[in-house]
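Throughout the sequence shown, residue numbering follows my numbering, covering 58 to 213 in sequence. Report on the following structure.
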Amino acid sequence: MIISLMAARSDNNVIGNNAEIPWKAEGEQLLFKAMTYNHWLLVGRKTFEAMGMLPDRKYAVVSSSLKEQISEDVCFFKSVDAALGYLSDKTGLVIVSGGGQIYAETISRVDVIHLSVIHCEAKGNVFFPAIPEKFKMVFSQDFRSNIDYTYQIWTR
Ligand SMILES: NC(=O)c1ccc[n+]([C@@H]2O[C@H](COP(=O)([O-])OP(=O)(O)OC[C@H]3O[C@@H](n4cnc5c(N)ncnc54)[C@H](OP(=O)(O)O)[C@@H]3O)[C@@H](O)[C@H]2O)c1
Numbered sequence: 058m059i060i061s062l063m064a065a066r067s068d069n070n071v072i073g074n075n076a077e078i079p080w081k082a083e084g085e086q087l088l089f090k091a092m093t094y095n096h097w098l099l100v101g102r103k104t105f106e107a108m109g110m111l112p113d114r115k116y117a118v119v120s121s122s123l124k125e126q127i128s129e130d131v132c133f134f135k136s137v138d139a140a141l142g143y144l145s146d147k148t149g150l151v152i153v154s155g156g157g158q159i160y161a162e163t164i165s166r167v168d169v170i171h172l173s174v175i176h177c178e179a180k181g182n183v184f185f186p187a188i189p190e191k192f193k194m195v196f197s198q199d200f201r202s203n204i205d206y207t208y209q210i211w212t213r
């Protein structure tokens, strides 16, 4: 199973402020929507509660406080390993979709990172982890918007 990670961070490395994403870069979310369509997303409980469910995606939610539960579209697991173990029998691709805790716990084991760098200094209290040195940027494209951003792909 390929483990992919998708995130957007500001120039100063912020990904969130409490439950919110503290910017609105028009168009940027289209990348996320296109890439995740019909796929399994791995998220932390806080991101799941904040984002809700997009249609046509399946969610594996990690939480120590919620009961383990398996269903067609949303599953709850006690650990990242339990979630990945279950998904490896179900799918060839999972997309790690936040938030800060889940990125930090998985970044060293993902195969590919899709990162939007939003060109602003955002105020926030949740940060993107350092990208391990084994990753190299293989693609970068700048986009003009109300807030400019750069879409990058990093692989091992
Ligand atoms: N910019 C972006 O691309 C992006 C994307 C997604 C989210 N975000 C932002 O990220 C922020 C949320 O991130 P966050 O770090 O606060 O929370 P999070 O990673 O979404 O969720 C944290 C929760 O996940 C569960 N969890 C994490 N690791 C676990 C483990 N090893 N075992 C069991 N449960 C585990 C725990 O749930 P329990 O407390 O239930 O145990 C924990 O409280 C928000 O601001 C959101 O807007 C940004």
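Where is the CB? At the ideal position from N, CA and C, for every residue including glycine.
Cα-Cα separation, residue i to residue j
i: phenylalanine 89; j: glutamine 126; result: 26 Å
i: histidine 171; j: glutamate 190; result: 16 Å
i: alanine 82; j: serine 173; result: 10 Å
i: valine 100; j: phenylalanine 200; result: 26 Å
i: serine 136; j: aspartate 130; result: 18 Å
i: asparagine 69; j: glycine 155; result: 17 Å
i: methionine 110; j: tyrosine 208; result: 24 Å
i: glycine 84; j: serine 122; result: 35 Å
i: threonine 212; j: serine 128; result: 32 Å
Nearest-angstrom Cβ-Cβ length linking residue i and residue j, presumed shorter than 8 Å
i: phenylalanine 185; j: isoleucine 72; result: 5 Å
i: isoleucine 60; j: valine 167; result: 5 Å
i: valine 169; j: tyrosine 160; result: 14 Å between Cβ atoms; not a contact.
i: cysteine 132; j: valine 118; result: 7 Å
i: isoleucine 204; j: tryptophan 80; result: 6 Å
i: lysine 115; j: tryptophan 97; result: 5 Å
i: alanine 76; j: lysine 103; result: 7 Å
i: serine 145; j: methionine 58; result: 5 Å
Classification of residue i by the beta-carbon crowding that lies within 10 angstroms, buried from 16 upward
i: tyrosine 94; result: exposed
i: alanine 187; result: exposed
i: threonine 163; result: buried
i: arginine 66; result: buried
i: tyrosine 64; result: Sequence inspection shows alanine at residue 64; the tyrosine mentioned does not correspond to that position. Under this definition alanine 64 is a buried residue.
i: leucine 62; result: buried
Local conformation of residue i per DSSP, three classes
i: alanine 107; result: helix
i: tyrosine 94; result: coil
i: serine 165; result: helix
i: serine 136; result: coil
i: serine 145; result: helix
i: arginine 102; result: helix
i: phenylalanine 185; result: coil
i: leucine 123; result: coil
i: glutamate 178; result: coil
i: phenylalanine 89; result: helix
i: isoleucine 159; result: helix
i: isoleucine 170; result: strand
Any residues whose CB sits closer than 5 Å to a heavy atom of ligand 1? List them in chain order? Result (chain order): Ala64, Ala65, Ile72, Gly73, Ile78, Gly101, Arg102, Lys103, Thr104, Val119, Ser120, Ser121, Ser122, Ser136, Gly155, Gly156, Gly157, Gln158, Ile159 and Val183.
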